[in-house]
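Enquirer:
Residue numbers (full-length UniProt numbering): 1 to 482.
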């Protein structure tokens with residue numbers, strides 16, 4: 001009975017559907033405890049294992065932690081504060097991790113440390129490169145295996161290779177009591193475990209290299225396979241605010257999935273529950289695309305190798321970054337980002353469109369600035385979304401354009417959002433907050449109203465037809481944007 005319990009505790013909980021959220025909680029609590037009572041899984045392994053925490057800062061639904069526990073007599077949890085994560089971005093030299101996300105990381109680590117200590121473990125936090133720290137710890141504590149979550153982007157993959165290479169140099173004698181059944185060379189090793197997505201990579205109905213280039217087909221293939229309920233649509237700016245905890249791995253996407261399904265079973269399935277799962281599938285899509293596309297996600301032309309002539313005008317970019325463009329909807333979103341580290345999904349699409357379509361600025365400048373500021377920064381989602389917005393990704397609608405007048409009317413008709421972040425607009429009548437005239441900054445560029453080629457500092461091109469909504473707003477407010 002004890003053997004079956006141990007095996008059950010070590011089983012993967014990464015697949016969807018699979019173990020429900022209540023089962024995840026039970027397994028985590030029973031596996032990671034220093035107390036003995038009926039039903040607690042007994043460990044069969046020998047020696048010491050390291051759990052190298054990366055972007056999986058949680059106990060619940062963490063197969064890395066469960067496997068390390070089941071395969072060893074002792075577990076050493078480690079987090080490496082890699083100085084490279086606090087360096088500068090590749091192209092434009094922005095800070096890789098801004099102050100807000102650094103503080104959020106500290107809070108996540110404190111929470112993880114407390115959770116581990118309640119269960120008899122202690123998180124060792126070390127400053128330095130993992131490829132130096134982990135082999136050193138392995139040698140000191142005779143560690144046979146370092147367990148870690150598998151990542152997908154090149155910088156993280158390079159660190160994995162270096163860690164694995166250096167661990168192989170840590171050799172043990174048989175007298176040190178390390179089990180070598182799965183490790184005949186008697187050297188320490190790195191075991192990587194997939195756990196960053198809602199759907200397990202092994203359960204996809206296609207290989208990553210055969211991943212559909214368009215998200216819609218990817219979603220349909222998954223929904224056809226897993227029969228996730230689709231019950232309509234919600235507003236595209238809907239947000240759960242889960243994203244920072246998903247990005248740090250403090251929250252499991254699979255746990256959210258099972259909580260949603262439990263809610264649907266107890267209450268009802270509705271538009272909101274559909275969109276929660278929809279956004280999690282988007283997140284998975286970008287994870288798997290990063291495997292397929294590699295470093296092309298970070299190139300100016302994107303995966304499609306689009307020939308571009310982006311501007312890198314620093315003055316224009318600084319105005320966008322600082323929220324001084326003269327367009328309240330853009331400026332309010334950028335102020336929110338700088339102040340909180342958060343921006344709504346709708347806001348991200350609007351400011352991206354403005355930067356690349358109206359200003360003609362290199363999308364990578366925007367992506368790297370988001371990398372600096374966002375609490376929920378994840379390289380796959382961030383660069384995947386910027387590819388999508390800049391028209392260099394795999395989406396066939398490469399000329400996607402977000403009209404500021406239309407977005408203002410649809411998502412902030414009373415100007416409450418812009419007035420919150422731009423106090424100078426609060427005294428204005430609601431209908432003037434998006435079009436404040438001389439009481440606000442002069443616009444730095446003219447809107448193109450649908451011109452799809454990113455050229456900055458130009459007026460509306462002849463023949464570019466405005467939508468009925470734009471015509472209505474223009475006639476109502478005058479020719480402010482011409």
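Every residue, glycine too, gets a C-beta built ideally from N, C-alpha and C.
Going by DSSP, what residues sit across from residue 189 in a beta bridge?
Expert: DSSP lists 145 as partners of residue 189.
Enquirer: Whole angstroms are fine: how far does the CA of residue 127 sit from the CA of residue 361?
Expert: If I take the Cα positions, the gap works out to 36 Å.
Enquirer: Here's the rule I'm using: 16 or more other beta-carbon atoms within 10 Å means buried, otherwise exposed. How should residue 442 be labelled?
Expert: Counting Cβ neighbours within 10 Å, residue 442 comes out exposed, since fewer than 16 surround it.
Enquirer: DSSP has residue 52 in a bridge; who is on the other side?
Expert: The partner list for residue 52 (beta bridge, DSSP) reads 78, 148.
Enquirer: Using the C-alpha atoms, what's the distance from residue 393 back to residue 303?
Expert: Distance between the alpha carbons of residue 303 and residue 393 is about 6 Å.
Enquirer: Around the C-beta of residue 312, are 16 or more other C-beta atoms found within 10 angstroms, so that it is buried, or is it exposed?
Expert: When all chains shown are included, residue 312 counts as exposed.
Enquirer: Residues in its own chain within less than 6 Å of residue 363 by CB, not counting five upstream and five downstream?
Expert: Same-chain partners within the cutoff: 356, 386, 390.
Enquirer: Within the same chain, show all residues whose beta-carbon is closer than 6 Å to that of residue 444, passing over the 5 residues directly before and after it, in chain order.
Expert: Same-chain partners within the cutoff: 319, 325, 326.
Enquirer: Are there 16 or more other CB atoms within 10 angstroms of the CB of residue 321, so buried, or fewer, so exposed?
Expert: Residue 321 is buried by the Cβ-count criterion.
Enquirer: Please state the DSSP three-state secondary structure of residue 5.
Expert: Confidence in residue 5 is poor, its pLDDT being 36 and thus under 50, which makes the residue's placement too unreliable to answer from.
Enquirer: With respect to 7 Å, is the separation between the Cβ of residue 312 and the closest non-hydrogen atom of the ligand SAH below this value?
Expert: By its list of ligands, the structure shown contains no ligand whatsoever, and the ligand SAH lies outside what it can speak to.
Enquirer: Counting along the chain, where does the alpha helix (DSSP H) carrying residue 324 start and finish?
Expert: Taken as a continuous stretch (DSSP letters only), residue 324 belongs to no alpha helix (DSSP H), as it is neither H nor E.
Enquirer: Would you call the segment 403-414 and the segment 131-144 touching, i.e. three or more CB-CB distances under 8 Å?
Expert: No: the two stretches stay apart, fewer than three of their Cβ pairs being nearer than 8 Å.
Enquirer: In the DSSP assignment, the beta strand (DSSP E) including residue 258 goes from what residue to what residue?
Expert: No beta strand (DSSP E) holds residue 258; the alpha helix (DSSP H) holding it covers 253-266.
Enquirer: Counting along the chain, where does the beta strand (DSSP E) carrying residue 124 start and finish?
Expert: Residues 124-127.
Enquirer: Work out the CA separation of residue 152 and residue 380 for me, nearest whole Å.
Expert: If you take the alpha carbons of residue 380 and residue 152, they lie about 8 Å apart.
Enquirer: Where does residue 404 sit, in a helix, a strand or coil, going by DSSP?
Expert: Helix at residue 404.
Enquirer: Going along the chain, which residues of its own chain have a beta-carbon closer than 8 Å to the beta-carbon of residue 187, five neighbours each way excluded?
Expert: Hits under 8 Å: 167, 168, 169, 170, 171, 172.
Enquirer: Keeping to the same chain, check which residues put their C-beta closer than 6 Å to that of residue 106; ignore five residues upstream and five downstream.
Expert: If we look at residue 106 and ignore the five residues flanking it on each side, it has no Cβ neighbours.
Enquirer: Can you tell me where the alpha helix (DSSP H) holding residue 389 begins and where it ends?
Expert: Element bounds for residue 389: 379-390.
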